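With the working numbering as the guide, the letters of the sequence shown map in order to residues 108 to 343. Here is the structure we will look at.
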Amino acid sequence: MRKITSTLLCTALICILLGAIPAAAKNPPTSAGQPIIMVDGSWNPKVGAWSVYRITDLRTKDVSTMYFATLQKTSVEGKPARWMEVDVTTQDKNQVVTRILAEESPKGLGKVLEVIVQPKGYGPFTVPQSMLESEQGPKNDMQRVTAVKKVKKRRFKFKGTRFEAWEVKGKDDQGRPVSAIVSPYVAPLGLVQSRTADSEIKLVKFGDDAKSRIKGDPVNFYFWITQQVLQGLTAQ
(Lines of atoms letter the chains of each structure in order from A and count residues from 1; the text may use other names and numbers.)
(Lines give C-alpha, C1' and ligand atoms only; values in the text may rest on other atoms or scores of the structure.)
Protein backbone atom coordinates (compact mmCIF):
# COMPACT_ATOMS: atom_id res chain seq x y z
CA MET A 1 0.00 0.00 0.00
CA ARG A 2 1.35 3.40 -0.94
CA LYS A 3 1.75 6.21 1.56
CA ILE A 4 1.11 9.91 1.30
CA THR A 5 3.80 12.06 2.85
CA SER A 6 2.78 15.38 4.39
CA THR A 7 5.55 17.89 5.03
CA LEU A 8 6.12 21.58 5.42
CA LEU A 9 8.79 21.28 2.73
CA CYS A 10 11.10 23.21 4.98
CA THR A 11 9.01 26.40 4.91
CA ALA A 12 8.80 25.94 8.68
CA LEU A 13 12.42 27.06 8.68
CA ILE A 14 11.23 30.57 8.00
CA CYS A 15 9.06 30.77 11.11
CA ILE A 16 11.94 29.62 13.31
CA LEU A 17 14.54 31.88 11.75
CA LEU A 18 12.44 35.03 11.82
CA GLY A 19 12.12 34.65 15.57
CA ALA A 20 15.84 35.41 15.76
CA ILE A 21 15.67 38.58 13.66
CA PRO A 22 16.10 41.67 15.87
CA ALA A 23 13.56 44.46 16.15
CA ALA A 24 15.78 46.57 13.90
CA ALA A 25 14.69 44.35 11.01
CA LYS A 26 11.21 45.89 10.83
CA ASN A 27 8.14 43.96 9.69
CA PRO A 28 9.85 40.68 8.77
CA PRO A 29 7.69 38.32 6.67
CA THR A 30 6.36 34.98 7.86
CA SER A 31 5.65 31.71 6.10
CA ALA A 32 2.22 30.32 5.41
CA GLY A 33 3.43 27.13 7.07
CA GLN A 34 0.87 24.89 5.38
CA PRO A 35 1.64 21.19 4.77
CA ILE A 36 2.00 19.88 1.24
CA ILE A 37 0.80 16.43 0.22
CA MET A 38 3.37 14.27 -1.57
CA VAL A 39 2.32 10.86 -2.89
CA ASP A 40 4.93 8.16 -3.43
CA GLY A 41 5.36 7.61 -7.16
CA SER A 42 4.22 11.11 -8.13
CA TRP A 43 7.33 13.05 -7.07
CA ASN A 44 9.11 14.07 -10.30
CA PRO A 45 12.10 16.27 -9.38
CA LYS A 46 13.44 16.93 -12.86
CA VAL A 47 15.89 19.80 -13.13
CA GLY A 48 14.13 23.12 -13.79
CA ALA A 49 10.61 21.93 -12.89
CA TRP A 50 8.44 24.39 -10.95
CA SER A 51 4.84 24.72 -9.82
CA VAL A 52 2.75 27.40 -8.11
CA TYR A 53 -0.04 26.66 -5.61
CA ARG A 54 -2.78 28.61 -3.91
CA ILE A 55 -3.01 27.54 -0.27
CA THR A 56 -6.12 28.31 1.78
CA ASP A 57 -6.06 27.91 5.56
CA LEU A 58 -9.53 26.52 6.24
CA ARG A 59 -9.39 27.68 9.87
CA THR A 60 -8.51 31.34 9.29
CA LYS A 61 -9.48 31.63 5.59
CA ASP A 62 -6.08 33.21 4.93
CA VAL A 63 -4.74 32.61 1.44
CA SER A 64 -1.09 32.33 0.48
CA THR A 65 0.83 31.47 -2.68
CA MET A 66 3.67 28.95 -2.82
CA TYR A 67 6.20 28.47 -5.61
CA PHE A 68 8.21 25.24 -5.47
CA ALA A 69 11.09 24.38 -7.81
CA THR A 70 13.68 21.64 -8.19
CA LEU A 71 17.00 23.05 -9.35
CA GLN A 72 20.38 21.47 -10.07
CA LYS A 73 21.61 18.09 -8.89
CA THR A 74 24.89 17.79 -7.01
CA SER A 75 26.66 15.46 -4.60
CA VAL A 76 27.87 15.91 -1.03
CA GLU A 77 30.47 13.53 0.35
CA GLY A 78 29.69 11.12 -2.46
CA LYS A 79 25.94 11.14 -1.80
CA PRO A 80 23.43 12.50 -4.36
CA ALA A 81 21.76 15.75 -3.36
CA ARG A 82 19.52 18.38 -4.91
CA TRP A 83 18.89 22.11 -4.62
CA MET A 84 15.24 23.20 -4.33
CA GLU A 85 13.48 26.51 -3.71
CA VAL A 86 10.30 27.45 -1.90
CA ASP A 87 8.90 30.97 -2.34
CA VAL A 88 5.94 31.74 -0.06
CA THR A 89 3.90 34.96 -0.26
CA THR A 90 1.27 35.45 2.42
CA GLN A 91 -2.07 37.21 2.13
CA ASP A 92 -0.57 40.43 3.53
CA LYS A 93 2.18 40.34 0.86
CA ASN A 94 4.99 39.18 3.13
CA GLN A 95 7.39 37.03 1.13
CA VAL A 96 10.26 34.67 1.91
CA VAL A 97 12.38 32.65 -0.52
CA THR A 98 14.09 29.57 0.93
CA ARG A 99 16.77 27.65 -1.00
CA ILE A 100 17.34 24.12 0.30
CA LEU A 101 20.03 21.53 -0.36
CA ALA A 102 18.86 18.06 0.66
CA GLU A 103 20.11 14.52 0.22
CA GLU A 104 18.23 12.31 -2.23
CA SER A 105 17.37 8.65 -1.87
CA PRO A 106 15.09 6.14 -3.60
CA LYS A 107 12.48 7.01 -0.95
CA GLY A 108 12.64 10.74 -1.68
CA LEU A 109 14.30 13.62 0.09
CA GLY A 110 16.50 13.05 3.10
CA LYS A 111 18.66 15.13 5.40
CA VAL A 112 18.69 18.91 4.87
CA LEU A 113 22.32 19.92 4.32
CA GLU A 114 22.17 23.65 3.66
CA VAL A 115 19.53 26.39 3.72
CA ILE A 116 19.61 29.95 2.36
CA VAL A 117 16.82 32.38 3.26
CA GLN A 118 15.89 35.75 1.75
CA PRO A 119 12.99 37.76 3.22
CA LYS A 120 11.51 40.39 0.91
CA GLY A 121 13.45 43.63 1.13
CA TYR A 122 16.58 42.04 2.62
CA GLY A 123 19.70 40.30 1.37
CA PRO A 124 20.00 36.51 1.68
CA PHE A 125 21.66 34.69 4.58
CA THR A 126 22.85 31.15 5.20
CA VAL A 127 21.29 29.25 8.09
CA PRO A 128 23.93 28.06 10.60
CA GLN A 129 24.41 24.32 10.83
CA SER A 130 23.79 24.58 14.56
CA MET A 131 20.23 25.73 13.80
CA LEU A 132 19.65 22.92 11.32
CA GLU A 133 20.84 20.34 13.83
CA SER A 134 19.32 21.88 16.97
CA GLU A 135 16.39 20.19 18.72
CA GLN A 136 14.69 23.57 18.56
CA GLY A 137 15.57 23.89 14.89
CA PRO A 138 13.80 22.67 11.76
CA LYS A 139 12.80 19.02 11.69
CA ASN A 140 13.79 16.97 8.65
CA ASP A 141 11.64 13.93 9.37
CA MET A 142 8.27 13.80 7.61
CA GLN A 143 4.82 13.23 9.02
CA ARG A 144 3.09 10.21 7.53
CA VAL A 145 -0.44 9.93 6.22
CA THR A 146 -1.45 6.29 6.01
CA ALA A 147 -4.29 4.07 4.80
CA VAL A 148 -4.04 5.48 1.28
CA LYS A 149 -6.45 4.29 -1.36
CA LYS A 150 -6.35 5.04 -5.07
CA VAL A 151 -9.96 5.90 -5.70
CA LYS A 152 -10.06 6.64 -9.40
CA LYS A 153 -7.78 7.03 -12.40
CA ARG A 154 -8.85 9.89 -14.62
CA ARG A 155 -7.88 12.28 -17.40
CA PHE A 156 -7.47 15.68 -15.79
CA LYS A 157 -7.85 18.92 -17.75
CA PHE A 158 -5.88 21.95 -16.59
CA LYS A 159 -5.91 25.15 -18.65
CA GLY A 160 -6.44 23.27 -21.87
CA THR A 161 -3.89 20.54 -21.14
CA ARG A 162 -5.06 17.00 -20.46
CA PHE A 163 -3.00 14.47 -18.53
CA GLU A 164 -3.43 11.27 -16.56
CA ALA A 165 -4.04 11.66 -12.82
CA TRP A 166 -5.18 9.70 -9.77
CA GLU A 167 -7.71 10.58 -7.10
CA VAL A 168 -6.38 9.31 -3.76
CA LYS A 169 -7.71 9.27 -0.22
CA GLY A 170 -6.06 8.63 3.12
CA LYS A 171 -5.78 9.70 6.75
CA ASP A 172 -3.27 11.95 8.48
CA ASP A 173 -1.40 11.07 11.67
CA GLN A 174 -4.40 12.22 13.70
CA GLY A 175 -6.83 10.01 11.80
CA ARG A 176 -8.37 12.92 9.86
CA PRO A 177 -9.29 12.47 6.19
CA VAL A 178 -7.00 13.60 3.37
CA SER A 179 -7.91 13.68 -0.30
CA ALA A 180 -5.79 14.63 -3.30
CA ILE A 181 -5.43 14.51 -7.05
CA VAL A 182 -1.88 13.65 -8.10
CA SER A 183 0.04 13.22 -11.34
CA PRO A 184 3.77 12.91 -12.10
CA TYR A 185 3.04 15.08 -15.16
CA VAL A 186 2.83 18.08 -12.81
CA ALA A 187 6.49 18.15 -11.83
CA PRO A 188 8.07 18.43 -9.38
CA LEU A 189 5.57 17.73 -6.55
CA GLY A 190 3.12 15.69 -8.60
CA LEU A 191 0.30 17.50 -6.83
CA VAL A 192 -2.74 18.92 -8.63
CA GLN A 193 -4.88 19.65 -5.58
CA SER A 194 -5.45 18.40 -2.05
CA ARG A 195 -7.65 18.95 0.96
CA THR A 196 -6.97 18.20 4.61
CA ALA A 197 -8.79 19.13 7.79
CA ASP A 198 -6.79 22.37 7.92
CA SER A 199 -5.95 23.42 4.39
CA GLU A 200 -6.87 23.32 0.73
CA ILE A 201 -4.19 23.43 -1.95
CA LYS A 202 -4.79 24.04 -5.65
CA LEU A 203 -2.42 24.16 -8.60
CA VAL A 204 -2.17 27.57 -10.27
CA LYS A 205 0.48 26.93 -12.95
CA PHE A 206 3.61 24.88 -13.63
CA GLY A 207 6.56 24.84 -16.00
CA ASP A 208 10.09 23.63 -16.65
CA ASP A 209 12.36 26.70 -16.79
CA ALA A 210 13.00 27.35 -13.08
CA LYS A 211 15.86 29.59 -12.00
CA SER A 212 16.90 30.65 -8.52
CA ARG A 213 14.87 33.49 -6.99
CA ILE A 214 17.58 34.29 -4.45
CA LYS A 215 19.09 37.67 -5.34
CA GLY A 216 22.61 38.51 -4.25
CA ASP A 217 25.26 36.56 -2.39
CA PRO A 218 24.22 35.02 0.95
CA VAL A 219 26.14 36.03 4.06
CA ASN A 220 26.63 34.40 7.45
CA PHE A 221 23.42 34.59 9.51
CA TYR A 222 25.03 36.36 12.47
CA PHE A 223 26.73 38.89 10.21
CA TRP A 224 23.34 39.41 8.56
CA ILE A 225 21.75 40.15 11.95
CA THR A 226 24.53 42.64 12.71
CA GLN A 227 23.84 44.36 9.40
CA GLN A 228 20.15 44.76 10.27
CA VAL A 229 20.94 46.16 13.72
CA LEU A 230 23.41 48.69 12.30
CA GLN A 231 20.99 49.72 9.57
CA GLY A 232 18.25 50.13 12.17
CA LEU A 233 20.47 52.31 14.35
CA THR A 234 21.53 54.41 11.34
CA ALA A 235 17.90 54.96 10.37
CA GLN A 236 16.99 56.31 13.82
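Backbone N, C-alpha and C fix where the C-beta goes; we use that ideal spot for every residue, glycine too. Because the structure is a prediction, the values reported are computed rather than measured.
| Query | Result |
| --- | --- |
| Around the C-beta of Arg206, are 16 or more other C-beta atoms found within 10 angstroms, so that it is buried, or is it exposed? | buried |
| Ordered along the chain, which non-local residues of its own chain (more than five positions away) have a Cβ less than 7 Å from that of Ala272? | Arg261, Phe263, Ile288, Val289, Ser290 and Val299 |
| Could you say which of Tyr160, Thr172 and Thr177 lies nearest to Thr196 if we only look at CA atoms? | Thr172 |
| Rounded to a whole number of angstroms, what is the C-alpha to C-alpha distance between Lys278 and Thr167? | 22 Å |
| Assuming the contact rule is C-beta atoms closer than 8 Å, Val204 and Arg320 should be a hit. Round their C-beta distance to whole Å, please. | 5 Å |
| Return the bridge partner residues of Leu239 from the DSSP annotation. | Partner(s): none; Leu239 has no beta bridge. |
| Would you report the Cα separation of Met238 and Phe265, rounded to the nearest angstrom? | 40 Å |
| To the nearest angstrom, report how far apart Tyr229 and Ile223 are at their CA atoms. | 12 Å |
| In angstroms with no decimal places, state the Cα-to-Cα distance between Pro152 and Asp315. | 11 Å |
| Sorry if obvious, but does the Cβ on Gly267 come closer than 7 Å to a heavy atom of the ligand FAD? | With respect to small molecules bound, the structure shown includes none, and the ligand FAD cannot be examined in it. |
| Inspect the beta-carbon positions of Phe313 and Trp157 and report whether they are closer than 8 Å. | yes |
| Label Leu337 either buried or exposed according to how many other C-beta atoms from any shown protein chain fall within 10 Å of its C-beta, with 16 as the threshold for buried. | exposed |
| In terms of alpha-carbon separation, which member of Leu296, Thr268, Pro295 and Asp305 lies closest to Gly282? | Asp305 |
| Since Trp382 and Gly297 are thought to touch, with beta carbons under 8 Å apart, how far apart are those beta carbons, to the nearest angstrom? | Nothing about residue 382 can be reported from this structure: the residues present for the chain run from 108 to 343 only. |
| Taking the straight line between their C-alpha atoms, what separation do you get for Trp331 and Asp324? | 11 Å |
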